[in-house]
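**Q**
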Amino acid sequence: MRPRLMVRGACLRCRLGLEWRDRSSAPHRAGTGHKKEKGRRIVIRRSHLLAGVSILAVALTVAGRAAELERVEFVGMDAPKTAAEMSRMYTTAQVRYVYADGSERLVPLAYDTLYTNLDRVGTNPYEAGRLYDANGMGLVDPYGRPVIAETPDGTTLHLVPGAPTGPNGDALAYHIVHWEYDWLLSNGANARKTKGWYPRMPMAMNVNTIAQDRGSGRLTAIEQRNVDFASVGGLWIPCNASLTPWNTHLAGEEDYDLFNRRKVDKSVRGLTEVYFGNARNANPYNYGYPVEVAVGPDGRTAPTKHYSMGRGSWEVATVMPDGRTAYYGDDGRYTGLFMYVADRAGSLSAGTLYAAKWEQQSAENGGTAKLVWIRLGHAADWEVAEMMKEERFSSTESTIFEFFDPPGVPKLAEDADEAAKAAHAAAVEAREKAIAAALADGFKAIQAGTKKPEYVRLRPGKEKAAAFLETRRYAAWLGASTEFNKMEGVAVDPEGRTVFIAMSRIEGGMVENDGGPQDDVRLPKNGAGGVYALRAGGGVSDSEGNPIDSEWVAAVMEGVPQLMGRDLAEPDALGNRSDPDLIAEPDNLAFSRATRTLFIGEDSGRHTNNFLWAFNVDTGALARLASGPAGAELTGLSIVENWNGHAYITTNYQHPTEGLAKRKMDEDLKAELLARIDPFVAGVGYFGPLPALSDGTTRMASSE
Numbered sequence: 047m048r049p050r051l052m053v054r055g056a057c058l059r060c061r062l063g064l065e066w067r068d069r070s071s072a073p074h075r076a077g078t079g080h081k082k083e084k085g086r087r088i089v090i091r092r093s094h095l096l097a098g099v100s101i102l103a104v105a106l107t108v109a110g111r112a113a114e115l116e117r118v119e120f121v122g123m124d125a126p127k128t129a130a131e132m133s134r135m136y137t138t139a140q141v142r143y144v145y146a147d148g149s150e151r152l153v154p155l156a157y158d159t160l161y162t163n164l165d166r167v168g169t170n171p172y173e174a175g176r177l178y179d180a181n182g183m184g185l186v187d188p189y190g191r192p193v194i195a196e197t198p199d200g201t202t203l204h205l206v207p208g209a210p211t212g213p214n215g216d217a218l219a220y221h222i223v224h225w226e227y228d229w230l231l232s233n234g235a236n237a238r239k240t241k242g243w244y245p246r247m248p249m250a251m252n253v254n255t256i257a258q259d260r261g262s263g264r265l266t267a268i269e270q271r272n273v274d275f276a277s278v279g280g281l282w283i284p285c286n287a288s289l290t291p292w293n294t295h296l297a298g299e300e301d302y303d304l305f306n307r308r309k310v311d312k313s314v315r316g317l318t319e320v321y322f323g324n325a326r327n328a329n330p331y332n333y334g335y336p337v338e339v340a341v342g343p344d345g346r347t348a349p350t351k352h353y354s355m356g357r358g359s360w361e362v363a364t365v366m367p368d369g370r371t372a373y374y375g376d377d378g379r380y381t382g383l384f385m386y387v388a389d390r391a392g393s394l395s396a397g398t399l400y401a402a403k404w405e406q407q408s409a410e411n412g413g414t415a416k417l418v419w420i421r422l423g424h425a426a427d428w429e430v431a432e433m434m435k436e437e438r439f440s441s442t443e444s445t446i447f448e449f450f451d452p453p454g455v456p457k458l459a460e461d462a463d464e465a466a467k468a469a470h471a472a473a474v475e476a477r478e479k480a481i482a483a484a485l486a487d488g489f490k491a492i493q494a495g496t497k498k499p500e501y502v503r504l505r506p507g508k509e510k511a512a513a514f515l516e517t518r519r520y521a522a523w524l525g526a527s528t529e530f531n532k533m534e535g536v537a538v539d540p541e542g543r544t545v546f547i548a549m550s551r552i553e554g555g556m557v558e559n560d561g562g563p564q565d566d567v568r569l570p571k572n573g574a575g576g577v578y579a580l581r582a583g584g585g586v587s588d589s590e591g592n593p594i595d596s597e598w599v600a601a602v603m604e605g606v607p608q609l610m611g612r613d614l615a616e617p618d619a620l621g622n623r624s625d626p627d628l629i630a631e632p633d634n635l636a637f638s639r640a641t642r643t644l645f646i647g648e649d650s651g652r653h654t655n656n657f658l659w660a661f662n663v664d665t666g667a668l669a670r671l672a673s674g675p676a677g678a679e680l681t682g683l684s685i686v687e688n689w690n691g692h693a694y695i696t697t698n699y700q701h702p703t704e705g706l707a708k709r710k711m712d713e714d715l716k717a718e719l720l721a722r723i724d725p726f727v728a729g730v731g732y733f734g735p736l737p738a739l740s741d742g743t744t745r746m747a748s749s750e
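Reading the sequence shown from the start, the letters are residues 47 to 750 in this note's numbering.
(1) Roughly how many angstroms lie between the CA atoms of A76 and T696, to the nearest whole one?
(2) Counting Cβ pairs, one atom from each stretch, are 3 or more of them under 8 angstroms apart for the segment 427–446 and the segment 302–311?
(3) What residue from D566, F450, A340 and T350 has the CA that sits closest to E299's CA?
(4) DSSP state of H352, grouped into three classes?
(5) Hey, how far is the Cα of W419 from the Cα of A582?
(6) Are the Cβ atoms of G705 and G647 separated by less than 8 angstroms?
(7) Can you tell me whether DSSP reads Y331 as helix, strand or coil?
(8) Using a Cβ-Cβ cut-off of 7 angstroms (strictly less than) and excluding sequence neighbours within five positions of S408, which residues of its own chain qualify?
(9) Report yes if the C-beta distance between A139 and G122 is below 8 angstroms; otherwise report no.
(10) Checking the sheet assignment: what are the DSSP bridge partners for T414?
(11) Which of helix, strand or coil does DSSP assign to A300?
(12) For the alpha helix (DSSP H) holding R315, just list the boundary residues, first then last.
(13) Let me check one thing: in DSSP terms, what residues is V365 bridge-paired to?
(14) I'd like the span of the alpha helix (DSSP H) that includes K490, first residue to last.
(15) Determine whether the beta carbon atoms of F645 and W659 lie at a separation below 8 angstroms.
(16) How about D228: is its C-beta nearer than 8 angstroms to some C-beta of chain D?
(17) Thinking C-alpha only, which one of A431, G397 and A512 is nearest I446?
(18) Can you tell me where the beta strand (DSSP E) holding I268 begins and where it ends?
(19) Looking at the secondary structure, which residues open and close the alpha helix (DSSP H) in which F514 lies?
(20) Using three-state DSSP, classify V141 as helix, strand or coil.
(21) Roughly how many angstroms lie between the CA atoms of L96 and A287, to the nearest whole one?
(22) For N634, which beta-bridge partners are listed by DSSP?
(23) Taking the beta strand (DSSP E) that D539 falls in, what are its first and last residues?
(24) Can you tell which of G734, Y386, V341 and A482 has its C-alpha closest to the C-alpha of Y157?
(25) Can you list, in chain order, the residues of its chain whose CB lies under 8 angstroms from that of V727, leaving out five sequence neighbours each side?
(26) Could you tell me whether the Cβ atoms of G375 and I547 are closer together than 8 angstroms?
(27) Spell out the partners DSSP gives V337 in its beta bridges.
(28) Is the CB-CB distance between N690 and Q258 below 8 angstroms?
(29) How long is the line joining the alpha carbons of S684 and H470, rounded to whole angstroms?
(30) How about G16 and R518: do their beta carbons lie closer than 8 angstroms?
(31) Thinking Y400 and D588 are a contact (beta carbons under 8 angstroms), I'd like their distance in whole angstroms, please.
(32) Near E119, which residues of its chain fall below 6 angstroms by C-beta distance, leaving aside the five closest residues on each side in sequence?
(33) Short of 6 angstroms in beta carbon distance, which residues of its chain neighbour M247, apart from the five on each side in sequence? Order them along the chain.
(34) What's the gap between the Cα of A105 and the Cα of A537?
(35) In three-state terms, what does DSSP make of M610?
(36) Would you check if the segment 708–715 and the segment 655–669 touch, i.e. whether three or more CB-CB distances between them fall below 8 angstroms?
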């Protein structure tokens, strides 16, 4: 069963961080840790007790320094080794501030949990991670218990002109967090694997009102609302997020199922039956887009799905400093690299979509390639919305592509007799002949998001529909490279004109001679993955010789040598399958312009504890900043360089203990970790407050 509900106090002094109490309880003195009352755990937050460790809040306003800040350096920590360290958000890292007069200041990094998925924040009647239907009613699982996600993910912080201040003058901001998927049912079973339940659920997004303490800079969540997605048909697997140059939240719908002919029918039922309550049928073509959410001065939100940006398994879309060009992380197997160029700056409602062809130059350090951009098409959101009304896709119907399914070949037993071998050979020959006939009839072999190749033929007149509703398949049809594997976060270094993209695992289609219909990407396998740098500029033409109207077109893609992981031949005693002193399976990326630092969060099954890293792009220095609870992914990474003299690194953790029970490691340590970590509890929080990372005006950064 789920653990007891944790309730955050709603009194004003509690909300503003002075003390915490439950509405029904008498006031209590702050700083006393956890107190049990009437069968519930009341969370008291003055001393910030987290897993038995006091969180230190160190703040220094820029105005309080006479000397100019010259640079900021991150001083790393060793990997955690004990169960106490491995079972929580853990850090002993420091931040060094160096000033022009030669003085220095070392500030310890510390993590603060704003709330967990089980908490109720402000006047929200439901738990923070609660999932909703189209009418805003909380969902229940097969056992009549609340459906509460354990997967906080993309996070952005917004300063909105005209927003109110707190009652005591504290600054307020809006903080958007979305929940990626439901991992566990209330009985602890894996939701996706439970017979009779839904493999996917409609997901949720919160907008929180955050108060910043005027003195310490500490943040407190004082109010929370659910973002209503009924107007756009609900929200589907929202993964990472970025902050646009015009201060909106841009999330990625990570469509793993609805493009797959063998999964679409069962998965779309979770939307039709659970979200819409059978009042309407969900259309799979309505999901898998970048989702923009604007927040107003009063905290109210307006979501928009940008259909003209194309449909895929978008980890995130990140807009470049020009306000027009965007790059995507296309998550999953056999995926592509995509670029969008909007018609005008500050609006993603219409533009041109491109897919890249990888022309390999080297296989070293993750590979180096020239990128050739293939134009898929131009559209406005409204045009694609109209196409969605006409097009259909299911296990038995496809109005954009025709599919040819070659005859199967029975598996040959090891002890098969001669007759069985002859029958098997005949079946293989029949399959090969059928495929050859289909190819001669205009079908093409592609592999675009699927485990095995598909044989497809574009229906006449469907080019535009294919570009925006079947984006990855159409890219493969036109010859773009769809061999990437687990492409994740995207961040940009504006001064260096470099786009960074995480590749969680360099395997599958990226390996030389992988057996697929393409072999553009030909690299040695590296399960630990790595980070790539895309060098961008202007004056670039597409594959047809037509100029691309952007100064942010990547012409070269190359692995960053210091950011390539390394697998171990055997797991170490702590269960690590990749070198713990290097990154493994990078996921979230964020860039700080002020410190010239790329921040990297892991989603790694190869590290028992996922790490947060800081990489200085100028010096090449790599520092481990923190680790999450064993089995937990670090998500929601964004950088706030300067808000009223304070800096923050937002970081969440999701699905703690995932994969831990089956991990090869010291059994006593494993048992202690499983006893210490509650898999139902996932946290939303930040590292800080820190002294500002930059002098001058307020600066927010998520992807750049």
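Just so it is clear, CB atoms sit at the ideal spot from N, CA and C, and this is done for glycine as well.
**A** According to the data block:
(1) Here A76 scores only 34 on pLDDT, less than 50, and its place in the model should not be relied on; the value that follows carries that caveat. If you draw a straight line from the Cα of A76 to the Cα of T696, it is about 25 angstroms long.
(2) yes
(3) Closest by alpha carbon: T350.
(4) It is coil, neither helix nor strand.
(5) 13 angstroms
(6) Note that the C-beta distance between G705 and G647 is not below 8 angstroms.
(7) helix
(8) T414
(9) Yes, the pair counts as a contact, with Cβ atoms nearer than the cut-off.
(10) Assignment of beta-bridge partners to T414 by DSSP yields S408 and E604.
(11) Here the sequence assigns Glu to residue 300, which means Ala is not the residue at that position. Three-state DSSP puts E300 in a strand.
(12) V310 to R315
(13) A372
(14) Element bounds for K490: not the alpha helix (DSSP H) but the beta strand (DSSP E), K490 to I492.
(15) yes
(16) Given the protein chain composition of this structure (a single chain), no chain D is represented.
(17) A512
(18) L265 to N272
(19) From DSSP, the alpha helix (DSSP H) with F514 extends over E509 to L515.
(20) Of the three classes helix, strand and coil, the one that applies to V141 here is strand, per DSSP.
(21) Note that L96 scores 27 on pLDDT, short of 50, meaning its location in the model is unreliable and no value can be drawn from it.
(22) G647
(23) M533 to D539
(24) G734
(25) P49, T162, N163, L164, E196 and P702
(26) Less than 8 angstroms separates the beta-carbon of G375 from that of I547.
(27) A297 and K351
(28) yes
(29) In a straight line, the C-alpha of S684 is about 55 angstroms away from that of H470.
(30) What is shown of the chain runs 47 to 750, which leaves residue 16 out entirely.
(31) 7 angstroms
(32) R142
(33) L177, D228 and G316
(34) Note on A105: pLDDT 34, under 50, position unreliable in the model; the coordinate value appears next. Distance between the alpha carbons of A105 and A537 is about 27 angstroms.
(35) strand
(36) no
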